[in-house]
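Visitor: Please see the structure below; I have some questions.
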Amino acid sequence: MNTTEQAPLKQKPSKFSIKNIFVPDYENYEGVRKINIYVMRLFFALMFVFVATDSWTVILTHEGAWDPTRAVAWCTWAAYSTLALLGMFHTLRMLPIMLFMIFYKGLWLAVVAYPLWSAGTLKGSPAEEMAYMFSGIIIPILFVPWKYVFKKYILFETKKK
151 MNTTEQAPLK
161 QKPSKFSIKN
171 IFVPDYENYE
181 GVRKINIYVM
191 RLFFALMFVF
201 VATDSWTVIL
211 THEGAWDPTR
221 AVAWCTWAAY
231 STLALLGMFH
241 TLRMLPIMLF
251 MIFYKGLWLA
261 VVAYPLWSAG
271 TLKGSPAEEM
281 AYMFSGIIIP
291 ILFVPWKYVF
301 KKYILFETKK
311 K
């Protein structure tokens, strides 16, 4: 073979297949299925796009003195959405942000929406639209890797070296 010719590079066969996204990935995601990672990344992206847009716009365009309680709320949402951006790239490390979302939305649905719904007064109330938006938490609940959460955050299991 002359020096200007190079042997063809052998490419690794692609590991992506529909079947592979449903099996635990021990090499990249500590045994979490890729489908869980992809859906959580989608939710992190949605959190970032929608919450960051609103919260940072309010913060950056606000004029005058802030009401302290409203300022805390807007600053919390700005921080939350900014951390969601990190979750798109470090999904398992930022999983507590996803758990926070599930917890606050679930809590709100239980203490605000459910009593209104059970009394037949949710429809037409100021809480109706938010109740519909928050009911979407069923998707992240289904895709959070609960076995991983239990091991990491309840049992405090660490990686084996």
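At position 128 of the sequence shown (counting the first as 1) the number is 278 in the numbering used here, and the numbers step up by one without a gap. From the three backbone atoms N, C-alpha and C, an ideal C-beta is built for every residue, glycine too.
Under the rule that 16 or more other beta-carbon atoms within 10 Å means buried, what is TRP296, buried or exposed?
Guide: exposed
Visitor: Using the DSSP secondary-structure output, state which residues sit across from GLN174 in a beta bridge.
Guide: Note that residue 174 is Pro in the sequence shown, not Gln. Answer is ARG183.
Visitor: Between PHE293 and MET238, how many whole angstroms is the CB-CB distance? I'm expecting something under 8 angstroms.
Guide: 15 angstroms between Cβ atoms; not a contact.
Visitor: Evaluate the contact criterion for the stretch 244 to 261 versus the stretch 202 to 220: three or more CB pairs, one atom per stretch, below 8 angstroms.
Guide: No: the two stretches stay apart, fewer than three of their Cβ pairs being nearer than 8 angstroms.
Visitor: Quick one: measure Cβ to Cβ for SER231 and MET197, integer angstroms, because I've assumed they're closer than 8 angstroms.
Guide: Confirmed, Cβ separation roughly 6 angstroms.
Visitor: State whether the stretch 279 to 286 contacts the stretch 251 to 271, with contact taken as three or more CB pairs (one from each stretch) at a distance under 8 angstroms.
Guide: yes
Visitor: Could you check if ALA229 is buried or exposed, using at least 16 other CB atoms within 10 Å of its CB as the buried criterion?
Guide: exposed
Visitor: Can you list, in chain order, the residues of its chain with a C-beta nearer than 8 angstroms to that of PRO290? Leave out the 5 residues immediately preceding and following it.
Guide: VAL189, MET190, PHE193, MET248, MET251, ILE252
Visitor: Does DSSP put PHE198 in a helix, in a strand, or in coil?
Guide: helix
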